[in-house]
Amino acid sequence: DNYTVTKQGSTTANISKASLTLSGITASNKTYNGDTTASVDTTSVTYTGLVSGDSFSVAATGVFSDKNVATGKTVTLTETISGDDKDNYTVTKQGSTTANISKADLSLTGTRVYDGTTTFAASDVTSVTGVNSETFSITGSATLTSKNVQTSQNLADLGTFTLTGNSGALTTNYNDLSVTDTSVSVT
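In terms of the working numbering, the sequence shown is numbered consecutively and its last residue is 304.
So, in structure tokens, the structure goes:
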């Protein structure tokens, strides 16, 4: 009882942001479509460092490094965080993932006038098209299934047909042309 104590009552302190690391965002494989857009999935995202009960989520979009066919392509992620507790964290975003772009199919159409043979020349080809109106030049000749007049039939074989891409179109983004990708007529 020798002292009269005055209690401090309150003080101040800083609460530092917690560290939070995002991982588990994936991108879907796709078939070549001429653009770099990636389909991204955040349903399996892992929030390392998230305090139980805190409201925090992430949405993401992604783009492939380029539009061309390859496996294990880098997909750059744009991640947007939300939630009532997002400002309580210093967030390390995932940044990227990988996915594949596989080859697309081509389509060949053509028409020629009946001449009694089964030869179908490159000059008889109306178009060879891919996605997004990508076109290809063709040389060589192929074989019809019949010498007779016909409508919208597949070629019997592709013979010596050779493709070259026009205006930046790459044959490497496409499966080899097959007879099932052809539709030709003889009038």
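The beta carbon of each residue, even a glycine, is placed where N, CA and C say it ideally should be.
Residues near residue i by beta carbon distance below 6 Å, same chain, minus five either side
| i | result |
| --- | --- |
| Thr226 | Thr243, Ser244, Ser300 |
| Val248 | Asn150, Gly151, Ala221 |
| Thr195 | Thr178 |
| Thr188 | Asn217 |
| Val296 | Asn271, Leu272 |
Nearest to residue i (by Cα), restricted to the options the options
| i | options | result |
| --- | --- | --- |
| Ser263 | Tyr291, Thr138, Ser302, Thr178 | Ser302 |
| Lys147 | Ser140, Ser169, Ala216 | Ala216 |
| Asp201 | Val180, Thr188, Thr228, Val168 | Val168 |
| Asp204 | Ser224, Thr256, Phe173, Gln125 | Phe173 |
| Gly179 | Ile255, Ala155, Thr163 | Ala155 |
| Thr207 | Ala135, Thr121, Val162 | Ala135 |
| Ala177 | Val162, Thr129, Thr188, Thr197 | Thr197 |
| Ile333 | Thr228, Gln211, Leu287 | A question about residue 333 goes unanswered here, because the residues of the chain that appear run from 118 up to 304. |
| Phe253 | Gly233, Asn283, Asn265, Thr234 | Asn283 |
Straight-line Cα distance separating residue j from residue i
| i | j | result |
| --- | --- | --- |
| Thr209 | Thr160 | 18 Å |
| Ala273 | Tyr231 | 16 Å |
| Thr236 | Leu261 | 6 Å |
| Ser199 | Val175 | 6 Å |
| Lys184 | Gln267 | 38 Å |
| Ser250 | Gly285 | 12 Å |
| Gln270 | Ser213 | 46 Å |
| Gly126 | Asp171 | 30 Å |
| Asp158 | Ala144 | 6 Å |
| Thr288 | Ile255 | 11 Å |
| Ser140 | Asn131 | 29 Å |
| Thr123 | Ser133 | 30 Å |
| Asn119 | Thr128 | 26 Å |
Residues of its chain near residue i, where Cβ-Cβ distance is below 7 Å and the 5 sequence neighbours each way are ignored
| i | result |
| --- | --- |
| Lys220 | Tyr149, Val186, Asn290, Tyr291, Asn292 |
| Ala259 | Phe237, Leu272, Asp274, Leu275, Gly276, Phe278 |
| Gly233 | Lys264 |
| Thr121 | none |
is_contact[residue i, chain D] using C-beta, thresh 8 Å
| i | result |
| --- | --- |
| Ala177 | Structure shown: chain D not included; a single protein chain is present. |
Own chain, CB closer than 8 Å to residue i, minus 5 neighbours either side, in chain order
| i | result |
| --- | --- |
| Ser182 | Thr153, Lys190, Thr191, Val192, Thr193 |
| Thr305 | As shown, the chain starts at 118 and ends at 304. That puts residue 305 outside it, with no answer to give. |
| Leu223 | Val245, Thr246, Gly247, Phe253, Leu280, Tyr291, Asn292, Leu294, Asp298 |
| Leu137 | Tyr164, Thr165, Gly166, Leu167, Phe173, Tyr206, Thr207, Val208, Thr209 |
| Ala239 | Ile255, Thr256, Gly257, Ser258, Phe278 |
query: Where in the segment 203 to 283 do unbroken runs of the alpha helix (DSSP H), each at least 4 residues long, occur, reported from the N-terminal end onward?
result: none
query: What residue ranges within the segment 140 to 186 form continuous beta strand (DSSP E) runs of no fewer than 3 residues, ordered along the chain?
result: 163 to 165, 174 to 181
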